[in-house]
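In my numbering, the protein residues as written are 159 to 257.
We put the CB at the ideal spot given by N, CA and C, even for glycine.
Here is the structure we will look at, set down as structure tokens.
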Ligand SMILES: [Zn+2]
């Protein structure tokens, strides 16, 4: 499976748009991934793709398991399993959009 940087950015942008531009976990506003300047991508509020069920725990690298998360939340969460609330929020989010 090839995942180019451009593809990842476009995917991140789709997730960002799906969530109204806010972090899945802390709800801070994040800059649009496709418009983000390179020097801003390391900022704590930069948008990243997070796998709600970590890939190390068997989570799929697929849209239904992916959310836009700020870099700070993504780093803090690392490989921690999702909480019941995270899973419920994920279910709600994904049932609203494309199924
Ligand atoms: Zn966050």
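Among the options, which one has its Cα closest to the Cα of residue i?
i           : options               : result
residue 253 : 228, 236, 223 and 231 : 223
residue 232 : 193, 203 and 191      : 203
residue 194 : 246, 242 and 205      : 205
residue 243 : 183, 163 and 179      : 183
residue 187 : 196, 216 and 175      : 175
What distance in whole Å lies between the Cβ atoms of residue j and residue i, which are believed to be in contact at a cut-off of 8 Å?
i           : j           : result
residue 201 : residue 229 : 7 Å
residue 170 : residue 207 : 5 Å
residue 226 : residue 173 : 4 Å
residue 177 : residue 251 : 7 Å
Open item on the list: Which residues end up in the neighbourhood of ligand 1 when you take C-beta atoms closer than 7 Å to any of its heavy atoms?
Closed with: 181, 183, 184, 186, 227, 228, 230 and 231
Task: Cβ contact check for the stretch 237 to 247 and the stretch 201 to 215: 3 or more pairs under 8 Å - done: yes
Task: alpha helix (DSSP H) segments (min. 4 residues) lying fully within the stretch 219 to 252 - done: 229 to 235
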